[in-house]
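Residue numbers for the sequence shown follow the working numbering, so the first one is 81 and each next one is one higher.
From the three backbone atoms N, C-alpha and C, an ideal C-beta is built for every residue, glycine too.
Note sheet for the following structure.
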Amino acid sequence: MQCQLHDEAQRPCRFVICNEDEIRKHCRKKHGWENKQKGRPKAGTEQDFPWRTGVHCQHFFVRGPGAQFFEVHAAEPSPAMPSGDVDLEAIKNELGRVMKQAAEEEHRQITEPEEAREPNSWLCRVGWVDHLGHFDRKALGELVAPVKEDEPELQILCTAFDWLIQDAQYHAVRKVVGLEALFEANKKEVNKETQMPFNSWMDITTVKTYTDVCKQLLRYIFRSKDVEPEKRPAYELTESQQMCIEDVWTSIEELVWWKEEQMGDSESRE
């Protein structure tokens, strides 16, 4: 059975399962479906359910990331082949096609893995699948992807953030903030004293790793601010946060316009 409903972004749901109770549970939980038919149906009447039956499906594993069912084409009748004349190449191509389709579907969906196989246990604790499960993983990835050539505003934003981190490194030293502040900054737990002060001049690879994560968050916020709420994970900025973001974006746009004017004036003089 395959669900025939749509998600919040109006994309067709591809959920497939072999158990009627499970398909009912899925439709109620994920799509808010309610069965209008109460009690036992009358003889001879057809019930209208939001799923399609007779779906040919399979899965690769009993449990784990590859355990979800996916639809496959039903075998089409073909003329009987002479004994011993088996088209192995066609079988291999069809198997490759089905495996590729399953891999693409698994990569597109955000599904709940086995807890023991989850590389980041914090994701399970915060319920990342419940929060992001009905969104397209590729579309979400584009919101945090590196800056493109046609995004000068985001390029300026990320460059300014790099300068901010460098400036913070110069100020987070003993001569500026004092040793006590550095010890406090290096605490992992509030009630436990640390043995070493914070060192702002850490390895450049470590700095890049930390700043890349922060810049992903910046790119996500500024790219998603114009996306319709139902097409992105739910979050709500406070009024002061919204005002700060608008002020920053306005300043960046003015800088981009100024640079474009300067380049135009330079080209005209040449």
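| What's the call for Trp281, buried or exposed, on a 16-neighbour Cβ count within 10 Å? | Stepping through the sequence shown from its first residue, residue 281 is reached at position 201. Counting Cβ neighbours within 10 Å, Trp281 comes out exposed, since fewer than 16 surround it.
| said: Can you tell me whether Trp131 is helix, strand or coil according to DSSP? | reply: On the sequence shown, position 51 is the one that residue 131 refers to. Residue state, collapsed to three classes: strand.
| message | Check for me: the alpha helix (DSSP H) holding Asp242 runs from which residue to which? | response | Translated into positions along the sequence shown, residue 242 becomes position 162. It spans 232 to 251 - the alpha helix (DSSP H) in which Asp242 sits, taken as one unbroken run.
| field | Coarse secondary structure for Val96, derived from DSSP in three states | value | Residue 96 sits at position 16 when you count from the first residue of the sequence shown. Strand, per DSSP.
| request: Take Arg104 as the anchor and find which of Glu88, Thr133, Ser304, Val178 has the nearest alpha-carbon. | output: Here residue 104 refers to the residue found at position 24 when the sequence shown is read from its first residue. Selected option, being the one with the closest Cα: Thr133.
| Does the count of Cβ pairs from the stretch 283 to 295 and the stretch 253 to 262 closer than 8 Å reach three? | no
| field | Three-state secondary structure assigned by DSSP to Gln275 | value | Position 195 of the sequence shown holds residue 275. Three-state DSSP puts Gln275 in coil, outside helix and strand.
| task | Using only alpha-carbon positions, find the residue among Met81, Leu85, Gly207 that is nearest to Asn99. | result | For the purposes of this step, residue 99 is taken as the residue at position 19 of the sequence shown. Per the Cα distances, Met81.
| Limits of the alpha helix (DSSP H) - the one that Ser304 falls within | The residue labelled residue 304 in the question sits at position 224 within the sequence shown. Start and end: 284 to 304.
| query | Which first and last residues belong to the alpha helix (DSSP H) in which Glu260 is found? | reply | Position 180 of the sequence shown, counted from the first residue, corresponds to residue 260. From DSSP, the alpha helix (DSSP H) with Glu260 extends over 259 to 265.
| How many angstroms separate the CA atom of Tyr300 from the CA atom of Asp167? | Residue numbering aside, residue 300 sits at position 220 when the sequence shown is read from its first letter. Residue numbering aside, residue 167 sits at position 87 when the sequence shown is read from its first letter. Tyr300 and Asp167: Cα-Cα distance of roughly 50 Å.
| query | Do Ile245 and Leu335 come within 8 Å of each other at the CB atom, strictly closer than that value? | reply | The residue given as residue 335 occupies position 255 in the sequence shown. The residue given as residue 245 occupies position 165 in the sequence shown. The answer is no: Cβ separation not under 8 Å.
| request: Might you give, ordered along the chain, the residues of its own chain that have their beta carbon closer than 6 Å to the beta carbon of Leu223, omitting 5 neighbours on each side? | output: On the sequence shown, residue 223 is found 143 positions in, with the first residue counted as 1. Tyr300, Arg303, Ser304.
| request: Using alpha carbons as the reference points, say which of Ala248, Glu326, His214 lies closest to Asp306. | output: If you number the sequence shown from 1, residue 306 lands on position 226. Nearest C-alpha to Asp306: Glu326.
| Residue of Gly176, Ala240, Leu85 minimising C-alpha distance to Val152 | As a position in the sequence shown, residue 152 is number 72, starting the count at 1. The candidate whose alpha carbon is nearest that of Val152 is Gly176.
| For His86: DSSP bridge partner residues | What you label residue 86 is simply residue 6 of the sequence shown in a count that begins at 1. Pro92, per the DSSP bridge assignment.
| field | Given Tyr250 as reference, the closest of Thr239, Phe278, Val178 once Cα atoms are compared | value | Indexing the sequence shown from 1 puts residue 250 at position 170. Ranking the options by Cα distance to Tyr250, first place goes to Phe278.
| request: Would you decide whether Gln148 is buried or exposed? Buried here means 16 or more other CB atoms lie within 10 Å of its CB. | output: Counted from its first residue, the sequence shown places residue 148 at position 68. Buried, since its Cβ has 16 or more Cβ neighbours within 10 Å.
| request: Please name the residue, chosen from Ile332, Ala265, Gly221, that lies closest to Arg312 on a Cα-to-Cα basis. | output: Along the sequence shown, one-based indexing puts residue 312 at 232. With distances taken between Cα atoms, Arg312 lies closest to Gly221.
| message | Residues in the same chain with beta-carbon distance under 8 Å from Leu259, minus the five sequence neighbours each way, listed in chain order, please. | response | Along the sequence shown, read from residue 1 onward, the residue named residue 259 stands at position 179. Correct list, in chain order: Pro277.
| So is His106 buried or exposed if we call it buried at 16+ other beta carbons inside 10 Å? | The residue you call residue 106 lines up with position 26 of the sequence shown. Label assigned to His106: buried.
| query | If you drop the 5 nearest sequence neighbours on each side, which residues of the same chain put their C-beta closer than 8 Å to that of Phe150? | reply | As a working mapping, residue 150 is identified with position 70 in the sequence shown. Answer for Phe150: Arg94, Val96, Cys137, Gln138, His139, Gln181, Ala182, Glu185, listed in chain order.
| So, is Cys294 buried or exposed, given that buried needs 16 or more other C-beta atoms within 10 angstroms? | Counting from one through the sequence shown, the residue named residue 294 turns up at place 214. Counting Cβ neighbours within 10 Å, Cys294 comes out exposed, since fewer than 16 surround it.
| field | Local Cβ density within 10 Å of Phe215, reported as buried at 16 or more and exposed below that | value | As a position in the sequence shown, residue 215 is number 135, starting the count at 1. Buried: at least 16 other Cβ atoms inside 10 Å.
| said: Let me check understanding here. Comparing Cα to Cα, which of Lys172, Leu298, Glu269 lies closest to Gly240? | reply: In the sequence shown, counting from the first residue as 1, residue 240 sits at position 160. As written in the sequence, residue 240 is Ala, which differs from the Gly given in the question. Taking only the C-alpha atoms, the option nearest Ala240 is Leu298.
| Does the separation of the CB atoms of Glu310 and Ala170 fall below 8 Å? | Against the sequence shown, residue 310 aligns to sequence position 230. Against the sequence shown, residue 170 aligns to sequence position 90. No, they are not a contact pair.
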